Structures are given as C-alpha cells and as structure tokens.
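Quick note, the working numbering runs 26 ahead of the 1-based positions in the sequence shown. Where is the CB? At the ideal position from N, CA and C, for every residue including glycine. Just so you know, these numbers come straight off a predicted model, no measurement behind them.
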Amino acid sequence: MTIRGYFTSLDISWTNLAFAIGAAVVSFTLIHGAVMLFRRRLDALDGPRAHKPLIDVLRHTLARTSRLAILATSVLIGVSVLNLPPPWDTRVGHLWFLTLGAQVALWLHRAIDVSARRYFQVHGKGREDDQVSVAHTLVIWAMQWSVWTIFLLAMLSNLGINVTTFVASLGIGGVAVALAVQNILGDLFASLSIALDKPFEVGDSISVPEFSGSIEHVGLKTTRIRALSGEQIVIANAELLRKVVHNFKRQSTRRVQYTLRVNPSTAPELAAKVPERLGAIIQAKDQVKFDHVNLTTMTQDYIEYDIVYNLQDANYGLFLSTQQAVLLETMEMLRALGISTAPRVQEFTLHEQAGKGDARTPAGAEGVNAPTYGIPGGTRAPSLIRGA
C-alpha cells in the first residue's frame, strides 16, 4: 500500500485536515507565547520579590521548556481533532504521555538542581565549599536519576510492557550490590548526613575522644582532620559520626569553674571575706559575667570555695589570659588577708624500742613516746620503730 493509499484509508476529509492543521498552529502560537510572556514577567521582577525561592525556581525551570515538546504538543492537539480509526486513538494517547512526561521530567530535573543549589548556598552561609560539592554530588545525582527512572518505568508501563519483573530484578540487584558494598554505602550516606545536618563544616575546630583538630576536607567516604600535633588524620565518615563530637567553633560563651582550697585553721571572719573580694576581682575583668563564689566544703584538711564565672567570648586565648589575671590577683588578696593555701599540718609520733640487755633503757620503759613532730603534707605518716 502506498502512502497516499494509506492516508486515503483513514477517511479524513480535507476540511477536517485543514481544521487540524489550524488547531496545531494556533496551539503552538498560544503555548509558546504564554511561556515566553510568563518568563518575561518573571525576569522583570525586581527587589525582594525577585529573590524569593519560588520565583527563582520557576524562572530557571521554565527556561528548560523544550520547543520540540511545545511543537509535539501542538501537533497532538491537531491530531486529536481528526476523525481517526480506533487503533490511532490509543497510539495518540501514548504519544501524549511520552511528550508531556518528558517535559515534566525536564522541569523536575532543573527544579531539583536549582532548589538543591539554593538550599546549600543558604545553609552554607553563601559560599561553595567542598562540603557543598559533596551534597550536590549525592543529593542532586540521586534525585535526578530517580526522576528519570520513574519516567522510564511509567513510559514502559503505558506502552503495555509489564515492568513488575523488571522492578523486582532491580530490587534484588540493588540489595545484592548494597550487601557487597555496605561499608562504602554507609560512608556515602554518612557524608550526605554531614552535608545536610552540618554537625561540623570545613574549618571548624572539633574534638573527639581520641584526638582534636580542625576539619580540612569532607569527602564522599572519609573526612580529613588536621590534628593539633600537626599530622593529618583520615577517618571514615560513618565512624566519625558514631563518636561524640565537640565543635568549638560554634561555642559562643565559655563557662569557667574551679575550686580554691585554703588552710582549715583560717579564722571564720577571714574566710567570710574571701567570696566578696574574689567576686570583685572577677567582676572587674572584661567580657566576664560573674556567677558565684561560695564556701562549699570544710574538712580537717582544707576548706574549699567553688568559683564560677562566664566569658562572653569563647576565645581560648581570652580564657587563658583572664584566668591567669584572676589567679594572680587571688594570690595577692590571700597574702593581704594572711590566709594560707597550705594544707593542715599532719602530726606523727616516733616510738623507740630498746633491745634486751640494753643498759641505757630502764626496765619497763619500752615503748616510751618520744616528742611529737609536725610535718606538712596531706598523708598521715606511719609510726617508726627503731631497733637497738
């Protein structure tokens, strides 16, 4: 059968064909004009409205509108008004699904890219660093491929192909691959968690139970940390997230707590002056919020004060200089008051025992106590026995 004979068999009149061509041309003009007008309106926006997330996503998404898709849609509209025999209406339905599905997939592909990039720019403090690149590599790649995979399966299903077995095979294959590379996948998802949750970023100073240092690079599988001792530590992302991480860069204030012990023989009236004077010393320092100085413990060896204050700046150098100044002035204050920080003097008794037949020791005089001596220290010395 010739092509002319084939179209003759469709029983399409010239009037119907002219109407279909006119509908296709009008549809192309209207759709293309509407898209261009909408894009120009979005580009004409200025001020805060132009930087809204929805406006930004729409602007970049509509830029991916395919003219081929508009042309195919217009032709399908024209074909839809033709009086076609039954086999063709099903075929036209498949073409509708393919055309619109491909265009929607293109829009979603672009929208995911723009939305993810904007999200990481906002949460990454407006800079593109290695950690943001990792998030792009994982999030954008996975979501975009998911869109195209769903579109491909939906298209095959629309064409009448049974995709159940294919999906089951993909699932079994995915499980097998995941079991084979579970450690690598664990580190990949840990990298994704670091990129999204941001427990730390490149440049942050952190501490874990085994080491301390600053973050140099967050990769797909490992994180590189420059230790305080100078060497580079490479640790798997999943293993790092299982540890308790102290992020010092995000510390806004620093709480300082320490104790002061003085001799228990200090007079009560002198001990009562320490909190007030020590509090005045602390309050006189810059960027310090005084909390309390209280006498909390009294034993036979010492009396103890609990001191707490807060630094409004977490800088470690400021903490060291402030604490040094407080301790030096505390020493001067204690010297002025005549208060000693030495522990209580411990006492021990020295016993002498003479041997049998020693004429220097009277009968019945064994174990006579010698004079008592006082020695400083926190440990009670044992009794000493000296033989003749």
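Asked, Found
"For D339 and Q309, believed in contact at Cβ under 8 Å, the rounded distance", "That pair is no contact at about 16 Å."
"4 or more residues per run - each alpha helix (DSSP H) lying fully within the segment 45-130", "79-88 and 93-106"
"N320 versus A298, Y328 and R361, residue with shortest Cα-Cα distance", "A298"
"Classification of Y331 by the beta-carbon crowding that lies within 10 angstroms, buried from 16 upward", "buried"
"Three-pair Cβ contact test at 8 Å for the segment 49-69 versus the segment 92-105", "yes"
"Status (buried if at least 16 other CB within 10 Å, exposed otherwise) for W167", "exposed"
"Close beta carbons around D131, own chain, < 8 Å, minus the five adjacent residues each side", "According to the sequence displayed, residue 131 carries Ala and not Asp. The residues are V173, W174 and F177."
"Three-state secondary structure (DSSP) of Y342", "helix"
"Inter-residue CB distance, T87 and W133 (contact presumed, cutoff 8 Å)", "5 Å"
"Assumed close pair T249, I365 - CB separation to whole angstroms, cut-off 8 Å", "With 8 Å as the limit, T249 and I365 do not qualify as a contact, their Cβ atoms being about 51 Å apart."
"Best match in A368, N209 and F226 for proximity to R415 [C-alpha to C-alpha]", "Residue coverage of the chain in this structure runs from 27 to 414, which leaves residue 415 outside it and unanswerable."
"Spatial distance of P79 from L182 (CA atoms)", "34 Å"
"E295 (DSSP reduced to helix, strand or coil)", "helix"
"Closest Cα partner of R268 within the set E227, V234 and I81", "V234"
"Continuous beta strand (DSSP E) stretch holding I251: start and end", "T248 to A253"
"Reduced DSSP category for R287 - H, G, I as helix; E, B as strand; rest coil", "strand"
"Euclidean distance between Cα positions of M324 and Q349", "25 Å"
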